[in-house]
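Peer 1: Got a structure for you, written out below as structure tokens; questions coming shortly.
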Amino acid sequence: MGDWKVPAELKYAESDEWFLVDGDTVTIGITDYAQDQLNDIVYVEFKDVGDEVSAGDSFGEVESVKAASELYSVVAGEIIEVNEALEDSPETVNADPYGDGWMVKIKASDLSGLDGLMDAEAYDKYSDER
């Protein structure tokens, strides 16, 4: 097991996003493993509140001193909130990826994409094997 945190209440994608489901609202961020691999995050950019996102679509991008990565949603719906604080303090993603470092909230019109996600135990194993 790696040194990164993998909260049990979340669902995880192979592309290293986490998903917290509360009714039809889905909060998305990147995992502790992902922020560790990216290293120092220096920039984030998201689609706008009101934009529609399809399952599999990118909702934004995160850039670090090492690389830039697209961010993907597995649920379809409308972006209802973006974490604007990250625009001025993108390093918050490194410090608190599951808390203040969340990225967007989507009001989901289709949650079926969540069915294929990993639970914490599976994601931890997947991360260890890379």
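Sequential numbering of the sequence shown, starting at 107, is according to the numbering used here.
Glycine included, C-beta positions come from ideal geometry on N, C-alpha and C.
I'd like to check one pair, Ile185 with Gly156: are the Cβ atoms closer than 8 Å?
Peer 2: In this structure, Ile185 lies closer than 8 Å to Gly156 by Cβ.
Peer 1: What is the C-beta distance between Tyr230 and Val112, in whole angstroms, given that I count them as a contact (C-beta under 8 Å)?
Peer 2: According to the sequence provided, residue 230 is Asp. The question's Tyr does not apply to it. Between Val112 and Asp230 the Cβ distance is about 5 Å, and since that is below 8 Å, they are a contact.
Peer 1: Give me, in chain order, the residues of the same chain whose beta-carbon lies closer than 7 Å to that of Asp122; leave out the 5 immediate sequence neighbours on both sides.
Peer 2: Closer than 7 Å at the Cβ level, and outside the excluded window around Asp122, lie Ile136, Thr137, Tyr139 and Ala140.
Peer 1: Tell me whether Gly162 is buried or exposed, calling it buried when 16 or more other Cβ atoms sit within 10 Å of its Cβ.
Peer 2: exposed
Peer 1: Quick check on the burial criterion: 16 or more other C-beta atoms within 10 angstroms. Buried or exposed for Tyr149?
Peer 2: exposed
Peer 1: Using only alpha-carbon positions, find the residue among Glu197, Leu217 and Ala114 that is nearest to Val96.
Peer 2: Missing from the structure shown is residue 96; the chain here goes from 107 to 236 and no further.
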